[in-house]
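Notes for the one structure printed next.
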Amino acid sequence: MSTNKTEVAIALLMHEGQFLLQLRDNIPTIVYPGHWAFFGGHIEPGETPEEGVWRELKEEINYVPPHLNLFTRWEHENIVRHVFYGPLEVPPEQLQLNEGWDLGLWTVADIQRGEKYSPVAHQSRPLGQPHRTLLLRFLAAHPQARPGE
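Per our numbering, the very first residue in the sequence shown carries number 1373; after that it's consecutive.
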């Protein structure tokens, strides 16, 4: 029996107390166009969520983290999100952005505000609502991720 749910694997990458996010392309036919979101994507047939998140990070930013941990599996609006977290051990400038409009580090204040300026877009762009919800849940579950608070 088919569930008709899309399964994705996404990564919360942390660098010096901030979270790396991607500004999605501003193409009307994609999900959350022009919104900040996580790196990751669809799980391919026969692939585990773990395999999918590693593949997506390599494809999208040419980065292989030293480790990733599962944070949660969240079903929302016919999308099953397998959310992993781990360290970003290089400055964002060293990443190779292969997918998306921009990338940037988000502070807790940025996440709470729900938007951030993109120098590439030359404007503030919103954080996708499910992404904001997941980040706030992560911060609540991992208070040590809030530097200086």
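Every residue, glycine too, gets a C-beta built ideally from N, C-alpha and C.
Can the beta-carbon of residue i be found less than 8 Å from the beta-carbon of residue j?
{"i": "L1384", "j": "V1455", "result": "yes"}
{"i": "A1481", "j": "L1395", "result": "no"}
{"i": "R1509", "j": "W1408", "result": "no"}
{"i": "P1438", "j": "M1386", "result": "no"}
{"i": "E1431", "j": "N1470", "result": "yes"}
{"i": "L1475", "j": "P1463", "result": "no"}
{"i": "V1380", "j": "G1406", "result": "no"}
{"i": "F1411", "j": "L1507", "result": "no"}
Buried or exposed for residue i, please, with buried defined as at least 16 other CB atoms from any protein chain shown within 10 angstroms of its CB.
{"i": "L1442", "result": "exposed"}
{"i": "P1421", "result": "buried"}
{"i": "Y1489", "result": "exposed"}
{"i": "H1503", "result": "buried"}
{"i": "E1423", "result": "exposed"}
{"i": "S1374", "result": "Note that S1374 has pLDDT 45, beneath the 50 cutoff, so the model's placement of it is unreliable and the number below is only indicative. By the neighbour-count rule (16 or more Cβ atoms within 10 Å), S1374 is not buried but exposed."}
{"i": "G1418", "result": "exposed"}
{"i": "E1428", "result": "buried"}
{"i": "V1425", "result": "buried"}
According to DSSP, simplified to helix, strand and coil, what is residue i?
{"i": "G1424", "result": "helix"}
{"i": "K1488", "result": "strand"}
{"i": "T1401", "result": "coil"}
{"i": "L1499", "result": "strand"}
{"i": "Q1415", "result": "Per the sequence shown, residue 1415 should be read as Ile rather than Gln. In the structure shown, I1415 sits in coil (DSSP, three-state: anything other than H, G, I, E or B)."}
{"i": "E1471", "result": "coil"}
What are the start and end residues of the alpha helix (DSSP H) that includes residue i?
{"i": "F1391", "result": "Run containing F1391: none in the alpha helix (DSSP H); it sits in the beta strand (DSSP E), 1390-1395."}
Provide the residue span of the beta strand (DSSP E) that contains residue i, from first to last.
{"i": "L1442", "result": "1441-1448"}
{"i": "G1476", "result": "1474-1478"}
For residue i, is the beta carbon positioned less than 7 Å from some heavy atom of the ligand GDP?
{"i": "P1437", "result": "As for the ligand GDP, it is missing from this structure, which has no ligand bound."}
Taking the DSSP output, what are the residues bridged to residue i?
{"i": "Y1457", "result": "L1384, N1441"}
{"i": "W1410", "result": "Strictly speaking, residue 1410 in this sequence is Phe, with Trp absent from that position. Partner(s): none; F1410 has no beta bridge."}
{"i": "V1462", "result": "Note: V1462 sits in no beta bridge, so no partner."}
{"i": "I1483", "result": "None, per the DSSP bridge assignment."}
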